[in-house]
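The numbers in our numbering rise by one with no breaks, and the one at position 203 of the sequence shown is 397. Backbone N, C-alpha and C fix where the C-beta goes; we use that ideal spot for every residue, glycine too. This one's a predicted model, so the numbers in the text were calculated from it and none came from an experiment. To start, the structure under review is shown below, and the notes come after it.
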Amino acid sequence: MKRNTMKDIFLTFVTKMFYLGGSFIISVLLARLLGAEGRGIVAALFVLPNLIINLADMGIRQSSAYMIGQKKYTVQEVFSSSLVLWLLASIVSILILLGYYMIPSTTQYNWGLIAIAISLVPIKILETYYYGIHQGKQQIEIMNKRHIISFFSRLIGVVILVWILSTGVYGAAVATLLASASVVLYSFWTLKDTVKFNLNFKKGLPQKLFRKGIVFALVLFILNINYRIDILILERFVSAAEIGIYSVGVGLSELIWQLPTAIGTVLFASSTNSTSDIDAAKKAAKLLRVSLVFLVTGSILFVLTSKWIVPFIYGNEFQLASEVINLLLPGIILVVIIQILHASLSGRGYPLVGIRIFILAIIVNVLLNVLLIPIYGINGAAISSTISYAIGGFGYAYVFAKRTQLSLKDVLIIKTEDITEIKKALKLKK
Numbered sequence: 195m196k197r198n199t200m201k202d203i204f205l206t207f208v209t210k211m212f213y214l215g216g217s218f219i220i221s222v223l224l225a226r227l228l229g230a231e232g233r234g235i236v237a238a239l240f241v242l243p244n245l246i247i248n249l250a251d252m253g254i255r256q257s258s259a260y261m262i263g264q265k266k267y268t269v270q271e272v273f274s275s276s277l278v279l280w281l282l283a284s285i286v287s288i289l290i291l292l293g294y295y296m297i298p299s300t301t302q303y304n305w306g307l308i309a310i311a312i313s314l315v316p317i318k319i320l321e322t323y324y325y326g327i328h329q330g331k332q333q334i335e336i337m338n339k340r341h342i343i344s345f346f347s348r349l350i351g352v353v354i355l356v357w358i359l360s361t362g363v364y365g366a367a368v369a370t371l372l373a374s375a376s377v378v379l380y381s382f383w384t385l386k387d388t389v390k391f392n393l394n395f396k397k398g399l400p401q402k403l404f405r406k407g408i409v410f411a412l413v414l415f416i417l418n419i420n421y422r423i424d425i426l427i428l429e430r431f432v433s434a435a436e437i438g439i440y441s442v443g444v445g446l447s448e449l450i451w452q453l454p455t456a457i458g459t460v461l462f463a464s465s466t467n468s469t470s471d472i473d474a475a476k477k478a479a480k481l482l483r484v485s486l487v488f489l490v491t492g493s494i495l496f497v498l499t500s501k502w503i504v505p506f507i508y509g510n511e512f513q514l515a516s517e518v519i520n521l522l523l524p525g526i527i528l529v530v531i532i533q534i535l536h537a538s539l540s541g542r543g544y545p546l547v548g549i550r551i552f553i554l555a556i557i558v559n560v561l562l563n564v565l566l567i568p569i570y571g572i573n574g575a576a577i578s579s580t581i582s583y584a585i586g587g588f589g590y591a592y593v594f595a596k597r598t599q600l601s602l603k604d605v606l607i608i609k610t611e612d613i614t615e616i617k618k619a620l621k622l623k624k
């Protein structure tokens, strides 16, 4: 692998670590400033808009990057065509959300908060589409700076609006909106000499972008439903304060699985050039095996200490979040199986492999949430999520192994050669 590519991977890793750390700081600030109830309102407020954004994205980020990378169309042609899709997706998404929120029994929020949540949709979709342009042009540095700008914009918004001006959940919601808007403005500025913001698209190209990307978007949408459906159901059964406690547990759990995955990605970055499907499968399996070692080790340590760590960081009001985390962690470990293996097959052009497993996991998740939340509250939601993640994780590992002609042992169990390569990689990093 070329040195500049290794540099890009390392800088991306550092940026991701910075962003994850920054997101953790913001979550602590919001928990301390808003309390459990306010934190729950903010968490629940953006669940449905973010799901709609996942679907409205339509995979245009990936298809735009592909079209630009293939040099079949100019950057301007791709961008103008994506803007047409952005306009249509934004209008349809806003109408869907307005229709949902106008049903009296569907929401507990006033129209001020709803307006902020809906306003995020077109901005966030445009932010995603811009990312595809940067990705197609291989502007890694700009892509990394976007994460940094997003963090600082949101942090400044939280400090000024929530901390200094005491605007509560409104300030927290606006801070989220400002973070996305800042990224869009930065992308607009960096591309101002390359593309013009106009709708003069090339005939037929919007349809090509849509057809190329929609499969990826549908799969991502299905995956995200399984990750977020619990909070939508919790809104029907528990208080905003309990949702706030649950969201802190979910946020910390997700942070735990992202860290080892990022570490593993860097350790084995030198083996990412795949010449065949089986070669790509073996490398993905290796990355998974190594990530699971880091993840299981970190999870065990956290389970043993969460009882003291969570209230120390977030306050005694969030003590119960440690129980949520401990119940979620087994499932979070298994989510990594999907994250890594699905990315590998999708990258090779097989995004729909295992989609039946994902749909089954959603059905199980919904049924268990409806059954267990009335009995066990937020712990019932955590148990439901873990069981559905287990079905998705083990199920996808089986499908992946069968598809790639590997054994489940090759996919999931650490090997001596993996340990040797970890040691070698660590020495090279020193």
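Whose C-beta lies closer than 8 angstroms to the C-beta of residue i among residues of the same chain, with five residues either side of it excluded?
i	result
N418	N244, L245 and N248
F345	F212, Y213, G216, S217, I220 and A373
V560	I423 and I427
A555	N420, S582, Y583, I585, G586 and G589
L205	I334, E335 and N338
Y592	L602
G330	S258, A259, Y260, M261, I262, G263, V269 and V272
V315	P243, I246, I247, A250, S284, S287, I288 and L291
F415	L245, N248 and L249
I577	L521, L562, L566 and Y570
Y325	R255, M337, R340 and S381
V413	H536, S540, P545, L546, I549 and F552
N394	S274
L625	Nothing in the structure corresponds to residue 625, since the chain is present only between 195 and 624.
E231	S433, A434, A435 and G438
Using a Cβ-Cβ cut-off of 7 angstroms (strictly less than) and excluding sequence neighbours within five positions of residue i, which residues of its own chain qualify?
i	result
L227	V356 and W357
S538	A474, A475 and A478
F273	I327 and V389
I336	H328 and T384
I607	R483
V487	I608
S500	S516, I519 and N520
G445	S221
V368	I310, G351 and L355
D604	A479
T614	none
D612	K480, R483 and V484
N392	S274
A375	I317
Does the Cβ of residue i have 16 or more other Cβ atoms within 10 Å, making it buried, or fewer, making it exposed?
i	result
K617	exposed
E321	buried
D251	buried
F462	For F462, the predicted structure reports a pLDDT of 46, less than 50, and the residue's modelled location is therefore unreliable. The matter cannot be settled from this model.
F512	buried
S579	buried
I532	buried
F382	exposed
L359	exposed
N563	buried
T209	buried
N520	buried
P298	exposed
I310	buried
F506	exposed
F594	buried
R348	buried
R430	exposed
N573	buried
Just to confirm my understanding: we take residue i, look at its own chain, exclude 5 residues before and 5 after, and list those with CB closer than 6 angstroms. What are they?
i	result
A515	I439, V442, G443 and V504
Y267	M261
P524	T580
N510	none
> If you scan the stretch 209-288 from start to end, which runs of the alpha helix (DSSP H) of 4 or more residues do you find wholly inside it?
Replying inline: DSSP runs (the alpha helix (DSSP H)) wholly in the stretch 209-288: 241-250 and 254-264.
> Unbroken alpha helix (DSSP H) runs of length 4 or more, entirely within the stretch 335-423: which are they?
Replying inline: Taking only runs of at least 4 residues, the alpha helix (DSSP H) segments lying wholly in the stretch 335-423 are 362-384.
> What beta strand (DSSP E) runs, 3 residues minimum, are completely inside the stretch 290-325?
Replying inline: Whole beta strand (DSSP E) segments, 3+ residues: zero.
>> Could you check whether the stretch 304-324 touches the stretch 274-286, counting it as contact only if at least three pairs of C-beta atoms, one from each stretch, sit closer than 8 angstroms?
In response: The stretch 304-324 vs the stretch 274-286: in contact.
> Are three or more beta carbon pairs between the stretch 426-442 and the stretch 234-242 nearer than 8 angstroms?
Replying inline: Taking 8 angstroms as the limit for Cβ pairs, the verdict is that the stretch 234-242 does touch the stretch 426-442.
> Could you give the uninterrupted runs of the alpha helix (DSSP H) lying entirely in the stretch 564-616, keeping only those of 4 residues or more?
Replying inline: The qualifying runs are 572-598 and 602-606.
> Three or more C-beta pairs closer than 8 angstroms, one from the stretch 259-275 and one from the stretch 288-299: is that the case here?
Replying inline: For the pair of segments examined, the stretch 259-275 was found not to touch the stretch 288-299: the number of CB pairs separated by less than 8 angstroms stays below three.
> For the stretch 560-577 against the stretch 402-412, are there 3 or more C-beta pairs whose distance is under 8 angstroms?
Replying inline: Contact fails: fewer than three Cβ-Cβ distances are below 8 angstroms.
>> Suppose only complete runs of 4+ residues qualify. What are the alpha helix (DSSP H) ranges in the stretch 511-546, listed by chain order?
In response: Fully enclosed alpha helix (DSSP H) runs of 4 or longer: 515-541.
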